[in-house]
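Heads up: the structure comes next, in structure tokens.
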Amino acid sequence: MNVSEKPLAAAPVTLVRAFGAVSGTLLVAGIVIGSGVFKKIVPLAQSGLSEGWILAAWVVTGFVTLCGALNLSGMASLTEESGGVYEYLRLSFGNFASFLFGWTDFAIIGSASVAALAFIFAQSVNALLPLPNPLQD
Numbered sequence: 003m004n005v006s007e008k009p010l011a012a013a014p015v016t017l018v019r020a021f022g023a024v025s026g027t028l029l030v031a032g033i034v035i036g037s038g039v040f041k042k043i044v045p046l047a048q049s050g051l052s053e054g055w056i057l058a059a060w061v062v063t064g065f066v067t068l069c070g071a072l073n074l075s076g077m078a079s080l081t082e083e084s085g086g087v088y089e090y091l092r093l094s095f096g097n098f099a100s101f102l103f104g105w106t107d108f109a110i111i112g113s114a115s116v117a118a119l120a121f122i123f124a125q126s127v128n129a130l131l132p133l134p135n136p137l138q139d
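Residue numbers for the sequence shown follow our numbering, beginning at 3 and rising by one.
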């Protein structure tokens, strides 16, 4: 390269906003319903509650989930930065709150969520294809 030649400045890389309010809401609702519906109906039915109360519990939970999804989509419209909930907490409450959330999510929330989903998945697969327990006598 000649000394007088300057390299071309690269265009800033931006994230593509592929999820809108509707698709984000449906994604969150699908994850919540999909991970809980198969393991929560039986204990609720065994508790003696009527069908109406069980459906009411699911409707209330669905409404709370919808409010959370709409809240996150509203926060996403306030910033161009990436980072998800970390960024939204940083904007709302400052760096310290987002720092605490980041480490809590890493150490507890994220790993516990993945472990719970893996446990539910393993139970569901084991109900279809029972595997012997190698530790059982």
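Glycine is no exception: its CB is placed at the ideal position from the N, C-alpha and C atoms.
Whole-Å CB distance - residue i paired with residue j, under 8 Å assumed
i      : j       : result
Phe-98 : Val-87  : Between Val-87 and Phe-98 the Cβ distance is about 15 Å, and since that is not below 8 Å, they are no contact.
Val-30 : Thr-67  : 6 Å
Ser-79 : Leu-91  : The Cβ separation is near 16 Å, so there is no contact.
Ala-71 : Thr-27  : 4 Å
Lys-41 : Ile-122 : 6 Å
Residue i, DSSP secondary structure in three states
i       : result
Thr-16  : coil
Pro-132 : coil
Glu-89  : helix
Gly-70  : helix
Gln-48  : helix
Gln-138 : coil
Phe-21  : coil
Glu-82  : coil
Gly-96  : coil
6 Å CB neighbourhood of residue i in its chain, flanking five on each side removed
i      : result
Ile-56 : Leu-46
Given residue i as reference, the closest of the options once Cα atoms are compared
i       : options                           : result
Val-116 : Ser-49, Glu-53, Ile-33, Glu-83    : Ile-33
Ser-126 : Val-39, Ser-113, Leu-137, Pro-14  : Val-39
Gly-64  : Ala-129, Asp-107, Leu-130, Ile-35 : Ile-35
Pro-14  : Leu-51, Ile-110, Glu-83           : Glu-83
Contact with chain C by residue i, beta-carbon distance below 8 Å
i      : result
Trp-55 : Of the protein chains in this structure there is only one, and it is not chain C.
Contact set for residue i: own chain, Cβ-Cβ below 7 Å, skip 5 residues either direction
i       : result
Leu-133 : none
Cβ pair count under 8 Å reaching 3, the stretch 68-83 against the stretch 16-35: Note that the stretch 68-83 touches the stretch 16-35; at least 3 beta-carbon pairs, one per stretch, sit closer than 8 Å.
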